[in-house]
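Sequential numbering from 2 applies to the sequence shown in the working numbering.
Backbone N, C-alpha and C fix where the C-beta goes; we use that ideal spot for every residue, glycine too.
Below is one structure; the comments refer to it alone.
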Amino acid sequence: MLTKTILAITSLATAAFAAPLEARSSPPSGYGTITPSALYVYDVSTGAIGPQTTTAKVEKNRNIHEKTTLMTFTYPTESTNKKCALYFYYDSVSWSGTDKLAIYSSLNPAPGQTSGWGPGNQRNNQLGIWKKPSSSPSWADWEATYGGLSGAQDCKPGVTEAFEIVGQGDETWISYENAVGGVRILYW
């Protein structure tokens, strides 16, 4: 009897540890949405920042200047005493090449259109990697998370934060209209 019990417990424990972790793909119910208040396309090779735009763009290929999108968010007062996290809404998004997109925190919001932004582009910590969902519309799954807003954090009403989305792998092309899809901070 004891042997059967030990075998049953061992079997259950092995199955639990071997099961893959589910990536968060859908937000919690009753969430609010914070969209970027500003988007700028950044040329990694020249350091130039284009004019403020409504279209996010990420381009990565060995034969072109790599482009990323810099974005600014401001937490509204409605997020007081709530939790916040980053999500990527995949709707009307043009996405080809590598099926992965990294997001980084930024030390400062983009200063606006400029021919160069030193030092570097203010890229800070990598927060995670999203993978392209298999259908649209849907929320992108996290392939990897590295802290910060890749998981639920206390919201910061009135605070402005900046982020950058960057292509992963050798070839990535992503484009979307900010009004329809893309990076969001959700609060609940």
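Residue burial annotation: residue 180 is exposed, with fewer than 16 other C-beta atoms found within 10 angstroms of its C-beta.
Residue 62: not part of any beta strand (DSSP E); DSSP gives it neither H nor E. Between the region 59-79 and the region 27-41 there are three or more C-beta pairs closer than 8 Å, enough to call the two in contact.
Residue 122 is classed as buried because its beta carbon has at least 16 other beta carbons within 10 Å across all chains shown. In this structure, the alpha-carbon of residue 46 lies about 28 Å from that of residue 148. Around residue 79, the same chain offers 33 as residues with beta carbons nearer than 7 Å, after the five sequence neighbours per side are excluded. Judged by pairs of C-beta atoms under 8 Å, the region 89-106 touches the region 125-143, as three or more such pairs exist. Closest in alpha carbon position to residue 160, among 141, 28 and 110, is 110. About 6 Å separates the beta carbons of residue 138 and residue 91, which is inside the 8 Å limit, making them a contact pair.
Burial check for residue 108: the Cβ neighbour count within 10 Å stays below 16, so the residue is exposed. If you look at residue 83, you'll find it isn't in any beta strand (DSSP E); DSSP assigns it neither H nor E.
Exposed is the label assigned to residue 114, since fewer than 16 other Cβ atoms lie within 10 Å of its Cβ.
Exclusion of the five residues before and after residue 63 leaves 171 as the residues of its chain whose Cβ lies within less than 7 Å of its Cβ. Restricting attention to 98, 53, 88 and 59, the CA atom closest to the CA of residue 187 is found in 88. According to the DSSP assignment, residue 187 belongs to the beta strand (DSSP E) that extends over 183-188.
Inside the region 78-163, DSSP marks whole beta strand (DSSP E) runs of 3 or more residues at positions 84-91, 95-98, 101-107, 124-132 and 142-146, from first to last along the chain. Taking the Cβ atoms as the reference, residue 118 lies roughly 6 Å from residue 50, within the contact range of under 8 Å. Cβ contact annotation for residue 98 (same chain, cutoff 6 Å, sequence separation greater than five): 172, 173 and 174, in chain order.
A buried status is given to residue 68, since no fewer than 16 other beta-carbon atoms sit within 10 Å of its beta-carbon. Closest option to residue 95, judged by alpha-carbon separation, among 156, 144 and 58: 58.
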